[in-house]
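Participant:
Numbering (the UniProt record's numbering), first residue to last: 1 to 190.
(1) Is the number of C-beta pairs between the region 94-112 and the region 31-39 that are closer than 8 Å three or more?
(2) Is the region 125-133 in contact with the region 142-159, if contact means three or more CB pairs nearer than 8 Å?
(3) Identify whether residue 155 lies in helix, strand or coil by the three-state DSSP scheme.
(4) Kindly indicate which three-state DSSP category residue 73 falls into: helix, strand or coil?
(5) Using a 10 Å radius around the Cβ and a threshold of 16 neighbouring Cβ atoms, would you call residue 166 buried or exposed?
(6) Residue 148 by DSSP, collapsed to three states: which one?
(7) Name the residue from 51, 91, 97 and 147 whose alpha carbon lies nearest to the alpha carbon of residue 115.
(8) For residue 104, collect the residues of the same chain with a Cβ closer than 6 Å to its Cβ; drop the 5 residues on either side in sequence, then sort them by chain order.
(9) Give me the residue from 21, 49, 59 and 28 with the minimum Cα distance to residue 188.
(10) What's the call for residue 75, buried or exposed, on a 16-neighbour Cβ count within 10 Å?
(11) When we look at the beta-carbon of residue 149 and count the other beta-carbons within 10 Å, is it buried (16 or more) or exposed?
This is the structure:
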């Protein structure tokens, strides 16, 4: 891991807490409806494009630049507290999946410091070619960094559940985030 990178000093303080998206009946609804997507600025559309490229397995340095060095990534399987550790996750996508494709997205919120969207992805496992479709809510906490915005916290919630950051499950997620870079070997320059 790059020696100059340390975790964000206020990890819980920068975590986004989006309101769960609801359908017209008031039920929580993670299924994206692109026709309901709200408009976002070109700068935020570019951030979303880079993030979707990462989900698709791109893992390029250019795509990774949307994160600050002390960014946090939080999903059901891992918790990463530096951009380099986040790169470990994204560099693993092509190793796990022969294909990861975006089926639909719906931007649900764009506030001063947050951007959130629902997405439906189809993941095809490498080797066995079995596919799984998953709906999730992606929420980004953004901060000004130079002339533009960068992601300081990336949260991906599946199955309409927020995550606990305590106990054994949290320890396993942190272990995944800390150790995956040894397997996926992202370049230290990310």
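For glycine and all other residues, C-beta sits at the position ideal for the given N, C-alpha and C.
Facilitator: Let me spell this out:
(1) yes
(2) no
(3) Looking up residue 155 in the chain shown gives position 155. The answer is strand: DSSP assigns residue 155 an E or B state.
(4) For this step, residue 73 is matched to residue 73 along the chain shown. Strand, per DSSP.
(5) One-based indexing of the chain shown puts residue 166 at position 166. Its Cβ having fewer than 16 others within 10 Å, residue 166 is exposed.
(6) In the chain shown, counting from the first residue as 1, residue 148 sits at position 148. If DSSP states are grouped into helix, strand and coil, residue 148 belongs with the strands.
(7) Taking the chain shown and counting its residues from 1, one reaches residue 115 at position 115. Nearest of 51, 91, 97 and 147 to residue 115, Cα basis: 51.
(8) Position 104 of the chain shown, counted from the first residue, corresponds to residue 104. Within the same chain, residue 104 has close Cβ partners 32, 34 and 120.
(9) Numbered from its first residue, the chain shown carries residue 188 at position 188. That would be 59, whose Cα lies nearest to the Cα of residue 188.
(10) Taking the first residue of the chain shown as 1, we reach residue 75 at position 75. Its Cβ being crowded by 16 or more others within 10 Å, residue 75 is buried.
(11) Along the chain shown, read from residue 1 onward, the residue named residue 149 stands at position 149. It counts as buried.
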